[in-house]
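If you read the sequence shown in my numbering, its first letter stands for residue 11, the second for the next number, and so on.
Here's the structure we're looking at; comments come further down.
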Amino acid sequence: MKDKLKIGLLGLGTVGSGVPTILKEHQEKIAQVTGMEIVIAKALVRDEDEKKRQAEKFDIQLTTDIDEIINDDEIKIIVELIGKVEPARTFITKALENGKHIVTANKDLLAQHGSELVALAQKNHCDLYYEASVAGGIPILRTIANSLAADNIQKVLGIVNGTTNYMLTQMVTAKKSYEQALKEAQELGFAESNPTNDVDGIDAAYKMVILSQFAFGMNISLDQVDTHGIRGLSLDDVEMAAHLGYEVKLIGSSEYNNGSIAVEVGPMLVAKTHPIASVRNEFNAVFLESSGVGESMYYGPGAGAKPTATSVVSDLITIAKNIRLGTTGHMFNSYSHDTEITEDKNINGKYYFSIEVPDKHGQILRLTQIMTEADVSFEQLVQQKSDGTRARIVAITHTITKEQMKRVASEIKKADGFKLLTIFKVLEDK
Ligand SMILES: NC(=O)c1ccc[n+]([C@@H]2O[C@H](COP(=O)([O-])OP(=O)(O)OC[C@H]3O[C@@H](n4cnc5c(N)ncnc54)[C@H](OP(=O)(O)O)[C@@H]3O)[C@@H](O)[C@H]2O)c1
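So, in structure tokens, the structure goes:
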């Protein structure tokens with residue numbers, strides 16, 4: 011008979027319902043690895059009647075009162091799966107103050123209040139694990155913190171939002187419009203009825219804050235991530251990208267440069283030969299460049315009840331082992347570095363500009379003058395379709411700084427008759 015390790019579960023939604031299933035399915039293996047039987051003693055819900063059947067199936071006691079869990083001395087670990095910042099932040103804070111270890115999948119909370127919660131966990135000698143908060147089923151945080159501890163990461167590129175990757179895949183492969191792709195993602199349950207966090211890049215930005223902390227030890231705030239989404243993305247740009255040998259992807263990137271990092275989220279033109287271009291539909295991937303291993307990519311489901319609950323249970327197993335060995339209270343990621351953000355003049359890249367111009371003589375010359383004044387040259391220049399009065403010009407620059415890109419953008423916006431449609435960063439395969 012193994013010792014029982016009792017946990018309290020907050021929320022019995024998509025992921026919350028997956029946790030008892032995974033614990034039951036892999037009961038024997040978990041008991042063997044941890045030397046304990048992990049059981050969900052109580053679950054916090056909003057409506058006990060609604061969750062009654064689930065609770066009976068897994069023999070879980072339901073409650074609508076958080077204090078019944080937080081003040082239960084037999085409960086050692088609390089798994090928070092209610093999502094969003096409040097009341098999750100208050101519940102976790104109280105639980106840590108009461109000496110409970112925490113597992114959560116809450117990227118909104120970790121990205122905005124991670125440092126505060128990590129410090130509180132440390133103060134109370136508690137564990138705080140959140141593997142599922144980035145890329146659902148892909149064990150990327152543990153990989154960076156443990157397996158790559160001896161390596162020096164220079165760059166992290168992530169497709170970390172499954173909803174937008176699904177939409178972009180549909181736009182590229184089935185030539186669906188942005189609106190059609192969004193509607194389909196909502197019908198399939200990938201996108202919420204209010205898709206703001208996904209399509210405006212906010213969800214990806216949350217994950218890049220957490221990934222940057224793991225890869226570079228820097229605690230950045232959300233407003234230090236230069237965030238753009240895919241809202242209203244035109245099929246014209248997606249098709250032009252394909253014509254030029256690229257695929258449009260919503261990429262989160264965090265890049266180290268001489269003691270500082272640049273963290274961005276936005277649609278990028280990814281060379282079709284780059285490994286990350288092959289990540290399709292709702293799948294996620296994190297691509298790393300590091301001095302030891304070189305290039306490596308971690309691919310898998312970024313969401314879903316089972317993959318995400320599997321990550322949550324792996325955190326539970328880690329804590330169970332720590333309890334057994336008496337080693338709780340260490341940080342999930344103990345690498346720390348002064349936080350410094352790279353200035354635009356030190357951020358380099360190629361950029362894709364899509365510009366609408368009057369369909370008359372001399373427009374390419376006017377654009378060339380703007381580019382030349384900013385010391386920017388073209389690698390590719392294409393004049394696209396015209397309705398007789400307006401034409402579209404697409405240009406890919408040679409490598410320039412972000413400062414130069416902004417200068418060109420500002421001059422194009424001021425130029426009479428010019429309309430700047432889109433700017434994407436370009437990611438080449440090395
Ligand atoms: N879904 C995924 O694939 C996925 C992947 C990675 C990470 N995550 C993260 O995992 C967390 C949970 O996501 P989810 O998809 O499982 O969400 P969900 O399906 O909406 O489930 C959340 C559950 O929490 C309950 N809840 C909310 N506030 C509560 C409160 N104050 N007291 C008691 N219960 C409360 C909700 O109750 P009602 O049913 O009454 O609304 C719901 O059952 C989030 O942080 C999310 O970002 C999810």
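A virtual CB, placed ideally from N, CA and C, is assigned to each residue, including glycine.
Quantities reported herein were computed from a predicted structural model and do not represent experimental measurements.
DSSP three-state label for residue i, please.
i	result
Phe342	coil
Thr174	helix
Ser125	helix
Glu35	helix
Val25	helix
Ala401	strand
Glu421	helix
His195	One point to set straight first is that residue 195 is Ala, not His, in the sequence displayed. Three-state DSSP puts Ala195 in a helix.
Glu249	helix
Ala142	helix
Leu254	coil
Thr73	strand
Glu265	strand
Thr183	helix
Lys429	strand
Among residues of its own chain, excluding the 5 on either side of residue i, which ones have a beta-carbon nearer than 7 Å to its beta-carbon?
i	result
Ala315	Thr24, Val25, Ser27, Gly28
Thr352	Asn267, Ser270, Ile271, Ala272
Pro30	Ile50, Phe68, Ile70
Can you round the beta-carbon distance between residue i and residue j to whole angstroms, since I take them to be within the 8 Å contact cut?
i	j	result
Ile17	Ile85	6 Å
Leu19	Phe342	Leu19 to Phe342, Cβ: 20 Å. No contact.
Ile80	Lys61	Contact doesn't hold; Cβ gap of about 19 Å is too wide.
Ile220	Val144	5 Å
Arg290	Thr206	Not quite, the Cβ-Cβ distance comes to about 24 Å (not below 8 Å), so this is no contact.
Please work out which residues of its chain come closer than 8 Å, Cβ to Cβ, to residue i, disregarding the five sequence neighbours upstream and downstream, and give them in chain order.
i	result
Glu443	The structure shown does not extend to residue 443, since the chain spans only 11 to 440, so no value can be given for it.
Asn162	Ser300, Ser301, Gly302
Ala381	One point to set straight first is that residue 381 is Met, not Ala, in the sequence displayed. Excluding sequence neighbours, Met381 sits near Ser387, Phe388, Ala405, Thr407, Val418.
Ala160	Gly302
What span of residues does the alpha helix (DSSP H) with residue i cover, start to end?
i	result
Phe101	98–107
Ala155	Element bounds for Ala155: n/a, residue is neither H nor E.
Asp325	315–335
Phe224	212–226
Gln234	Note, Gln234: premise wrong, no alpha helix (DSSP H); not H, not E.
Gln207	Position check: residue 207 holds Asn in this sequence, whereas Gln was assumed. Counting along the chain, the alpha helix (DSSP H) containing Asn207 begins and ends at 206–209.
Ile79	76–80
Lys62	62–68
Where does the unbroken beta strand (DSSP E) through residue i begin, and where does it stop?
i	result
Ala281	270–281
Asn358	358–368
Thr378	Premise fails: Thr378 lies in the alpha helix (DSSP H), 373–383, not in any beta strand (DSSP E).
Lys14	13–20
Glu47	46–54
Gly310	304–311
Gly168	163–169
Below 6 Å CB to CB, which residues in the same chain sit around residue i once its five sequence neighbours on both sides are set aside?
i	result
Ile240	Thr174, Val209, Leu260, Pro277
Asp236	Glu274
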